[in-house]
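Notes for the one structure printed next.
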Amino acid sequence: MADHSAESILIQVAYARPERQLVVDVEVPPDTSAREAVRHSGMAREFPEIDPEEAPLGVYGRAVEGDHVLRAGDRVEIYRPLEIDPREARRQRARLR
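Each residue of the sequence shown is one higher than the last, beginning at 528 in our numbering.
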């Protein structure tokens with residue numbers, strides 16, 4: 528692993544579609560927010576459906592606000608909108624049984 532100075536921390540930004548996922552390492556200044564990390568990651572160029580200003584975010588599976596301050600080693604996850612309400616999905620599965 529590269530030697531990173533105190534002026535930056537290494538984090539990851541992740542996004543997944545059913546057919547493809549991408550996790551990128553991003554070096555950012557300390558006190559960077561989750562939203563800033565997403566902007567800095569370039570994910571919106573790779574996945575045009577991402578709105579870096581509005582996309583729901585999480586860190587290691589826990590939802591966070593965009594202003595959540597990151598720590599070295601954090602993985603910011605960009606969440607897609609649900610395709611179906613979880614309750615409705617359970618109802619549909621129950622009907623199939």
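We treat Cβ as the ideally placed atom computed from N, Cα and C, and that holds for glycine. Bear in mind the structure is a predicted one, so any value in this text is a computation, not a measurement.
*In chain order, what residues of the same chain have a beta carbon less than 6 Å from the beta carbon of E604, not counting five sequence neighbours either side?*
A541 and G585
_Contact between the stretch 550–558 and the stretch 605–622 is defined here as three or more beta-carbon pairs at a separation below 8 Å; is this criterion met?_
no
_Length of the line joining the Cα atoms of M528 and R547_ = Model confidence at M528 stands at a pLDDT of 44, short of 50, so the residue's coordinates are unreliable and nothing is read from them.
*Using DSSP with H/G/I as helix, E/B as strand and the rest coil, what is S560?*
strand
*Give a yes or no on whether the C-beta atoms belonging to R566 and P579 are separated by under 7 Å.*
yes
*asked:* For A599, report the span of its beta strand (DSSP E) as first-last.
replied: That residue, A599, is in no beta strand (DSSP E); it is neither H nor E in DSSP.
*Looking only at its own chain, which residues have a Cβ that is under 7 Å from the Cβ of G593, when we skip the five neighbours before and after it?*
S560, A561, R562 and L584
_For the beta strand (DSSP E) containing L537, name the first residue and the last one._
I536 to A543
_Cβ-based burial, I611 [other Cβ within 10 Å; buried from 16]_ = exposed
*Closest residue to E576 among Y587, V596, P613 and A543 (Cα-Cα distance)*: A543
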